[in-house]
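Number 316 marks the last residue of the sequence shown (the numbering used here); no jumps. Ideal Cβ placement from N, Cα and C applies to all residues, glycine included. What follows is one structure encoded as structure tokens, with my remarks underneath.
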Amino acid sequence: MDQSWSLLPQAFLEQLQSIVPPEKLDGVLASLSVERRPSIRINTLKITIEEALDELRQLGVAYERVPWCSEGITLSQEQKQRVLESGLCEAGLLYPQSLSSMLATLIFEPQPLEEILDLCAAPGSKTSHIAARMQNRGALIANDSSRGRVFRLQANLKTLGVLHTKTVCLPGEWMWKKYPEMFDRVLVDAPCSMEGRFVATDPETFKDWKPAKGKLLAQKQKYLLRSAVACTKSGGVVVYATCTLNPRENEEVIDWILAHEQDKVVLENIVVPGVDVEKGLVQWNKKQYHPELKKTIRVLPSATMEGFFVAKFKKI
Numbered sequence: 001m002d003q004s005w006s007l008l009p010q011a012f013l014e015q016l017q018s019i020v021p022p023e024k025l026d027g028v029l030a031s032l033s034v035e036r037r038p039s040i041r042i043n044t045l046k047i048t049i050e051e052a053l054d055e056l057r058q059l060g061v062a063y064e065r066v067p068w069c070s071e072g073i074t075l076s077q078e079q080k081q082r083v084l085e086s087g088l089c090e091a092g093l094l095y096p097q098s099l100s101s102m103l104a105t106l107i108f109e110p111q112p113l114e115e116i117l118d119l120c121a122a123p124g125s126k127t128s129h130i131a132a133r134m135q136n137r138g139a140l141i142a143n144d145s146s147r148g149r150v151f152r153l154q155a156n157l158k159t160l161g162v163l164h165t166k167t168v169c170l171p172g173e174w175m176w177k178k179y180p181e182m183f184d185r186v187l188v189d190a191p192c193s194m195e196g197r198f199v200a201t202d203p204e205t206f207k208d209w210k211p212a213k214g215k216l217l218a219q220k221q222k223y224l225l226r227s228a229v230a231c232t233k234s235g236g237v238v239v240y241a242t243c244t245l246n247p248r249e250n251e252e253v254i255d256w257i258l259a260h261e262q263d264k265v266v267l268e269n270i271v272v273p274g275v276d277v278e279k280g281l282v283q284w285n286k287k288q289y290h291p292e293l294k295k296t297i298r299v300l301p302s303a304t305m306e307g308f309f310v311a312k313f314k315k316i
């Protein structure tokens, strides 16, 4: 059996054992030892799904449809390279994007004509997917605190034909001051330790990881999420997502917001047929969390999916 996963930091592997059900641990470790199967999203702002699939067939590209996301396809590394060389991505018709990233937008459920905020938007993968689901109708504000990342965000949105989006460069923690209770939906795709993207044979994916990093990031994540709640209208939706597995950045952040905003938000059940998920933890590392944490979901790393965590709130 390939044990490349042993190259990962020992503290991370011990943390993983405390999170993953024992019967799934071998599969998760195996998935961390290999590069994941690539996925691509069809950009329905510029091409229909059938037209895009026809283009791929004409190129002789073998692909598989994603059953739970109509715009998603998976393919081999070789076939992905052929797509990239075809110019379809450069023209903004197709967009390389992880399945877990697509999942976040599906759970977010953006609708045409709504007012929506993407609080940590760069490089624009989820922003452009949200725009496509909105059919370029409504108001979408895409914020990022880094000017350099905002430039990249703007370039991506232009390539992908996103027309109804305003880009902003502000600290997400303070967005509530500028936009108090303004939005129907707010997405917090929080900066995180990215443990769900680790690949054991690629040290670049985990070279900066340290056990204490999650604790430091959690402070920022809490205030980003609290800002998002303050930006949301009564009756609106807030989705918090990370591509990490660490409960300090996931369940503990949600537990904190439920304690500090207990009269303002409730967690919603998340159901995505066809996607294998674990319920959020209600206890970890000798800590007890709010029992409602079972409504959050964790996607474990697999051959096709990056590790991911999602919580969905309704503002009351």
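Kindly indicate the opening and closing residues of the beta strand (DSSP E) around arginine 41.
For the purposes of this step, residue 41 is taken as the residue at position 41 of the sequence shown. Looking at the DSSP string, the run of the beta strand (DSSP E) that includes arginine 41 is 39-42.
Collapsed DSSP secondary structure at proline 291 in the structure displayed
On the sequence shown, position 291 is the one that residue 291 refers to. Here proline 291 sits in helix by DSSP.
Can you tell which of Val237, Glu252, Phe198 has the C-alpha that lies nearest to the C-alpha of glycine 280?
In the sequence shown, the residue the question calls residue 280 occupies position 280. The shortest Cα separation from glycine 280 among Val237, Glu252, Phe198 belongs to Glu252.
Using beta-carbon positions only, say whether arginine 185 and valine 237 come within less than 8 Å of one another.
The sequence position of residue 185 within the sequence shown is 185, counting from 1. The sequence position of residue 237 within the sequence shown is 237, counting from 1. Cβ atoms of arginine 185 and valine 237: closer than 8 Å.
For the stretch 93-103 against the stretch 290-306, are there 3 or more C-beta pairs whose distance is under 8 Å?
yes
Nearest by alpha-carbon distance to isoleucine 73: which of Trp176, Leu94, Val168, Ile40 is it?
For the purposes of this step, residue 73 is identified with residue 73 of the sequence shown, where counting begins at 1. For the residues Trp176, Leu94, Val168, Ile40, the minimum Cα distance to isoleucine 73 belongs to Ile40.
Is the stretch 126-141 touching the stretch 48-65 in the sense that three or more CB pairs, one from each, lie closer than 8 Å?
no
Rank Gly196, Asp263, Thr48 by C-alpha distance to the C-alpha of leucine 94 and give the top, closest one.
What you label residue 94 is simply residue 94 of the sequence shown in a count that begins at 1. Leucine 94 has its Cα closest to that of Thr48, out of Gly196, Asp263, Thr48.
Please report the distance separating the alpha-carbon of phenylalanine 183 from that of glutamate 115.
Counted from its first residue, the sequence shown places residue 183 at position 183. Counted from its first residue, the sequence shown places residue 115 at position 115. Using only the alpha carbons, I get a separation of about 5 Å.
Using three-state DSSP, classify aspartate 54 as helix, strand or coil.
Reading the sequence shown from its first residue, position 54 is the one you call residue 54. Three-state result, aspartate 54: helix.
What's the call for glutamine 79, buried or exposed, on a 16-neighbour Cβ count within 10 Å?
Here the question's residue 79 lines up with position 79 in the sequence shown. Its Cβ being crowded by 16 or more others within 10 Å, glutamine 79 is buried.
Check whether the stretch 200-217 and the stretch 9-16 touch, using three or more Cβ-Cβ pairs below 8 Å as the test.
yes
Straight-line CA distance for leucine 53 to proline 123?
Numbered from its first residue, the sequence shown carries residue 53 at position 53. Numbered from its first residue, the sequence shown carries residue 123 at position 123. Cα-Cα distance, rounded: 25 Å.
Would lysine 220 and proline 247 be called neighbours here (beta carbons separated by less than 8 Å)?
If you number the sequence shown from 1, residue 220 lands on position 220. If you number the sequence shown from 1, residue 247 lands on position 247. No, the pair does not count as a contact, with Cβ atoms beyond the cut-off.
Which ranges would you report for the alpha helix (DSSP H) in the stretch 200-281 if only whole runs of at least 4 residues count?
213-231, 251-260
Which residue comes first and which comes last in the beta strand (DSSP E) that contains proline 123?
Along the sequence shown, one-based indexing puts residue 123 at 123. Per DSSP, proline 123 belongs to no beta strand (DSSP E) and is neither H nor E.
At the level of alpha carbons, what is the spacing between threonine 304 and valine 271?
Position 304 of the sequence shown holds residue 304. Position 271 of the sequence shown holds residue 271. When rounded, the distance between both Cα atoms is 19 Å.
Expressed to the nearest angstrom, what Euclidean distance is found between the alpha-carbon atoms of aspartate 276 and glycine 307?
Residue numbering aside, residue 276 sits at position 276 when the sequence shown is read from its first letter. Residue numbering aside, residue 307 sits at position 307 when the sequence shown is read from its first letter. If I take the Cα positions, the gap works out to 11 Å.
Can you say whether aspartate 118 is buried or exposed, counting buried as having 16 or more other CB atoms within 10 angstroms of its CB?
Indexing the sequence shown from 1 puts residue 118 at position 118. So aspartate 118 counts as buried.
Tell me which residues share the same chain as glutamate 173 and place their Cβ nearer than 7 Å to its Cβ, disregarding the 5 neighbours each side in the sequence.
Numbered from its first residue, the sequence shown carries residue 173 at position 173. For glutamate 173, where only same-chain residues beyond five positions count, the Cβ hits under 7 Å are Tyr223, Leu224, Ser227.
Name the DSSP beta bridge partners of aspartate 118, please?
By 1-based counting over the sequence shown, the position of residue 118 is 118. For aspartate 118, which the question treats as bridged, DSSP gives the partners Ala142, Leu187.
Go ahead and label glutamate 249 buried or exposed: buried means 16 or more other beta carbons lie within 10 angstroms of its beta carbon, across all protein chains shown.
Sequence index remark: in the sequence shown, residue 249 carries index 249 (1-based). Counting Cβ neighbours within 10 Å, glutamate 249 comes out buried, since at least 16 surround it.
Just to confirm before moving on: does the CB-CB distance between glutamate 268 and lysine 314 stay below 8 Å?
If you number the sequence shown from 1, residue 268 lands on position 268. If you number the sequence shown from 1, residue 314 lands on position 314. Cβ distance < 8 Å, so glutamate 268 and lysine 314 count as in contact.
For proline 273, which option in Ser18, Leu103, Leu75 has the closest C-alpha, if you only look at C-alpha atoms?
One-based indexing of the sequence shown puts residue 273 at position 273. The option with the nearest alpha carbon to proline 273 is Leu103.
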